[in-house]
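In my numbering, the protein residues as written are 646 to 892.
Working notes, beginning with the structure itself.
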């Protein structure tokens, strides 16, 4: 039997995964569940599990935050993500597996087979390799406009702005790159890297926020001086993210 922990902030995903495991992988026993980075870290460090199903983006942080807080022994990790494959390329370098939401039965069974092999044949310290890859891989994004292909480091993006079915990227070099894709697509792609949607027209790099005006104006001031509106329903989420960063 393989003892597993499930860390996922969406109850429907947790229940769906448990049901699939009960139907198709009876050798997996869920010994604990958590819905946040904090509760997940405490649970994993408290029990001895063989396998961890880990969501990438949660309300109080992401998988990177959780991984860096784990102590030995470390379970094998299968990431569960709704994000584009580009966002998990670094995980593949570390010989861990991942599942895209909605979870496919065959993908789930293949991932479990890989974990079974690892448990039976080796228990190497792949977590350290994962952390090193996360730290060392330069996260870049390829942006194609009408005339050029731009390779931009994610940390150099200050914000993204919706303009109809187009997205305008604003970078630290004061460049504006117009891409014929919607802001929603880049919201999914960039959210693992510290970007947050503050308005239906604005996606911002949290690390580039200099000030948040909590008065009736509800504005964020970015590092380049741009002032952007914050929608009422996004305000609490933004305040939480800023408090986590100590801003």
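Cβ atoms here follow ideal geometry from the backbone N, Cα and C, with glycine treated the same way.
Nearest-angstrom Cα separation, counted from residue j out to residue i
i: residue 897; j: residue 860; result: No answer is possible for residue 897: it lies beyond the span of the chain, which begins at 646 and ends at 892.
i: residue 871; j: residue 718; result: 46 Å
i: residue 697; j: residue 679; result: 11 Å
i: residue 701; j: residue 819; result: 31 Å
i: residue 760; j: residue 716; result: 20 Å
i: residue 792; j: residue 849; result: 25 Å
i: residue 682; j: residue 688; result: 10 Å
i: residue 649; j: residue 749; result: 19 Å
i: residue 664; j: residue 692; result: 22 Å
i: residue 732; j: residue 835; result: Because the pLDDT at residue 732 is just 49, under 50, the model does not fix this residue reliably, and the value given afterwards should be weighed accordingly. Computed Cα separation, rounded: 8 Å.
i: residue 886; j: residue 828; result: 20 Å
i: residue 817; j: residue 713; result: 29 Å
i: residue 654; j: residue 706; result: 11 Å
i: residue 801; j: residue 853; result: 9 Å
Coil, strand or helix - residue i by DSSP
i: residue 646; result: coil
i: residue 700; result: strand
i: residue 804; result: strand
i: residue 693; result: coil
i: residue 884; result: helix
i: residue 679; result: strand
i: residue 818; result: coil
i: residue 752; result: helix
Host alpha helix (DSSP H) of residue i (start-end)
i: residue 656; result: 656-669
i: residue 710; result: 708-712
i: residue 832; result: 828-835
Span of the beta strand (DSSP E) around residue i
i: residue 862; result: Looking at the DSSP string, residue 862 is not in any beta strand (DSSP E), and its letter there is neither H nor E.
i: residue 848; result: 847-850
i: residue 726; result: 721-726
i: residue 791; result: That residue, residue 791, is in no beta strand (DSSP E); it is neither H nor E in DSSP.
Beta-carbon proximity check, residue i vs residue j, cutoff 7 Å
i: residue 857; j: residue 865; result: yes
i: residue 605; j: residue 789; result: Residue numbering for the chain in the displayed model covers 646 to 892; residue 605 lies beyond these limits and cannot be assessed.
i: residue 743; j: residue 799; result: no
i: residue 855; j: residue 868; result: yes
i: residue 863; j: residue 851; result: no
i: residue 795; j: residue 822; result: yes
i: residue 723; j: residue 756; result: yes
i: residue 686; j: residue 711; result: yes
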